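In the numbering used here, the protein residues as written are 58 to 377.
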Amino acid sequence: MATIPWLVDVLRGAGVQVVVEGDWLNRMRPGSFDPIGVLWHHTASTSSATNPHPALNICINGRPDLAGPLCQALVDYHGVFHVISAGRCNHAGASGGSGPIPAGDGNTMLIGWEIDYNGVNQEMTAAQYAASVAATAAVLTRLGRDASYARGHRETSTTGKIDPSFIDLNVMRADVAAKMGGSPAWSSIVDNATAGRFTASASWGVSSFSGQRYGADYRYADPVAASDPAWYRFNVPAAGNYRVDAWWPANAGYNSAAPYIIATTTGNRTVSVDQRATGGQWRTLGTFALPAGDANRVAVSRWTTAAGLVIADAVRLTRV
Ligand SMILES: [Zn+2]
Numbered sequence: 058m059a060t061i062p063w064l065v066d067v068l069r070g071a072g073v074q075v076v077v078e079g080d081w082l083n084r085m086r087p088g089s090f091d092p093i094g095v096l097w098h099h100t101a102s103t104s105s106a107t108n109p110h111p112a113l114n115i116c117i118n119g120r121p122d123l124a125g126p127l128c129q130a131l132v133d134y135h136g137v138f139h140v141i142s143a144g145r146c147n148h149a150g151a152s153g154g155s156g157p158i159p160a161g162d163g164n165t166m167l168i169g170w171e172i173d174y175n176g177v178n179q180e181m182t183a184a185q186y187a188a189s190v191a192a193t194a195a196v197l198t199r200l201g202r203d204a205s206y207a208r209g210h211r212e213t214s215t216t217g218k219i220d221p222s223f224i225d226l227n228v229m230r231a232d233v234a235a236k237m238g239g240s241p242a243w244s245s246i247v248d249n250a251t252a253g254r255f256t257a258s259a260s261w262g263v264s265s266f267s268g269q270r271y272g273a274d275y276r277y278a279d280p281v282a283a284s285d286p287a288w289y290r291f292n293v294p295a296a297g298n299y300r301v302d303a304w305w306p307a308n309a310g311y312n313s314a315a316p317y318i319i320a321t322t323t324g325n326r327t328v329s330v331d332q333r334a335t336g337g338q339w340r341t342l343g344t345f346a347l348p349a350g351d352a353n354r355v356a357v358s359r360w361t362t363a364a365g366l367v368i369a370d371a372v373r374l375t376r377v
């Protein structure tokens, strides 16, 4: 995909107010553009009801150190989307990897909203938030991606960006998911980097080698005939049936029969997967009955006779 000429129609179809800013179909940076997600920013400019889009000119034309356009759309104080570009823009810089967005060229992979507020002593307005959620849901639906492909610049940045300030990005994704699918089933992702929810011994190394990883890195260990699992802890809201999905980066040197252990209401169940293949995506291990409560629910075990490094990256539970 070289451009997204459908952007204005998709936004209007979602009930978002749109102002088309000049020759948006042909205003873009040279280079590749093949978006898989949406990135939220704040402009760091102070907007108001009487000065609703102070950063619009800079977002269209750029600044001395960075050529414009600087985003596909600017979201003004009233929640109006000013559509600037149907192509590649200088908004994301390098991605360090966040959720399903891999490390790489953020301007190739991401459509950017610059939400016009200062982010230091000014929050996003309610109108900006509502319009940005609606726009993100509509664009991700068009791209065929789920709400996890909505990220904040502070999540993908490799240079310490803080935007967008004053919003919880997990709540944002839940709001986008709700907009996309009515009321979605309970679902939770634990990555090896999720604070307080992943435990593994020091025998598990940290790697960011594979671009198929979930988030910034993953853990790896040699197979061993001993118990040394990496555990994923979930707060299961109610006893019931849950689909368990796992994400691993694949590599010829990884394990051909890596055991995932699921702690069900009727004891541990083991599902082995081939981590040499089908990496960089959610793979379903099965549906299992789980008890309610906050506890270690899924593990990756090193105890396998198969050769190759055992990988522990991300696990997702979804109520079915
Ligand atoms: Zn930014």
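Glycine residues also receive a C-beta, built at the ideal position from the N, C-alpha and C atoms.
Since the structure is predicted, the reported quantities are computational estimates derived from the model, not experimental observations.
Give every residue of the same chain whose Cβ lies closer than 8 Å to the Cβ of residue i, excluding the five residues on either side of it in the sequence, and list them in chain order.
| i | result |
| --- | --- |
| A250 | G272, A273 and D274 |
| W339 | D302, A303, W304 and R373 |
| V190 | M229, D232, V233 and K236 |
| S265 | G154, A160, A273, D274 and Y275 |
| G163 | L96, H148, A149, G150, A151, S152 and T213 |
| A188 | V73, Q74, V132, G136, V137 and F138 |
| M166 | D91, P92, I93, G94, A149, S152, I158 and P159 |
| G350 | N292 and V293 |
| V140 | L64, V65, L68, V75, V76, V77, E78, W81, Q129 and A130 |
For residue i, which residues in the same chain have their Cβ closer than 7 Å to its Cβ, ignoring the five residues on either side in sequence?
| i | result |
| --- | --- |
| T341 | R300 and D302 |
| R230 | A204, S205 and A207 |
| A334 | A307 |
| V196 | V67, V95 and I168 |
| T321 | F345, A346 and L347 |
| A106 | Y134 |
| V263 | D274 and R276 |
| R254 | V247, Y289 and R290 |
| A283 | W360 |
Between residue i and the rest of its own chain, which residues show a CB-CB distance below 6 Å, the 5 nearest in sequence each way excluded?
| i | result |
| --- | --- |
| E212 | S155 |
| Q74 | V137 |
| G88 | R145 |
| T327 | P316 and I318 |
| R359 | A278, P280, V281, D285 and V367 |
| I219 | R211 |
| G125 | I117, N118 and G119 |
| T100 | A112, E171 and D173 |
| A309 | R333 |
| S258 | D285 |
Which whole-angstrom value is the C-beta distance of residue i and residue j, which I expect to be below 8 Å?
| i | j | result |
| --- | --- | --- |
| A151 | T215 | 5 Å |
| T256 | W288 | 5 Å |
| Q185 | T103 | Actually they do not touch by this definition, with Cβ atoms about 13 Å apart. |
| A364 | S313 | 7 Å |
| M85 | A143 | 7 Å |
| P221 | M181 | 7 Å |
| W63 | R199 | 6 Å |
| G297 | R376 | 6 Å |
Is it the case that the CB of residue i approaches a heavy atom of ligand 1 more closely than 6 Å?
| i | result |
| --- | --- |
| D122 | no |
| K236 | no |
| D173 | no |
| H139 | no |
| D351 | no |
| V162 | Note that residue 162 is Asp in the sequence shown here, rather than Val. Outside the cutoff, so no. |
| D66 | no |
| H210 | yes |
| D133 | no |
| H98 | yes |
| D274 | no |
| D331 | no |
| D220 | yes |
Residues bridged to residue i by DSSP?
| i | result |
| --- | --- |
| A392 | Coverage of the chain is limited to positions 58 through 377, which leaves residue 392 absent and any answer about it impossible. |
| G169 | L96 |
| S244 | T375 |
| I141 | Partner(s): none; I141 has no beta bridge. |
| I368 | Y277 |
| S329 | P316 |
| G156 | For G156, which the question treats as bridged, DSSP gives no partner whatsoever. |
| V77 | V140 |
| R340 | A303 |
| N353 | R290 |
| H347 | It is worth fixing the name first, because residue 347 is Leu in this sequence and not His. Bridge partners of L347: G297. |
| T256 | W288 |
| T321 | G324 |
Could one say the Cβ of residue i lies closer than 7 Å to chain D's Cβ atoms, at least one of them?
| i | result |
| --- | --- |
| Y289 | Annotation note: the requested chain D is absent from the structure, which comprises a single protein chain. |
Given the structure, does residue i come close to ligand 2, in the sense that its CB is under 6 Å from one of the ligand's heavy atoms?
| i | result |
| --- | --- |
| D203 | What this structure holds is ligand 1, not ligand 2. |
Residue ranges of each beta strand (DSSP E) within the region 200-230, 3 or longer: 207-209
3 or more residues per run - each beta strand (DSSP E) lying fully within the region 262-318: 262-264, 275-278, 287-293 and 297-304
Those runs of the alpha helix (DSSP H) which lie wholly inside the region 102-139 and span at least 4 residues: 113-118
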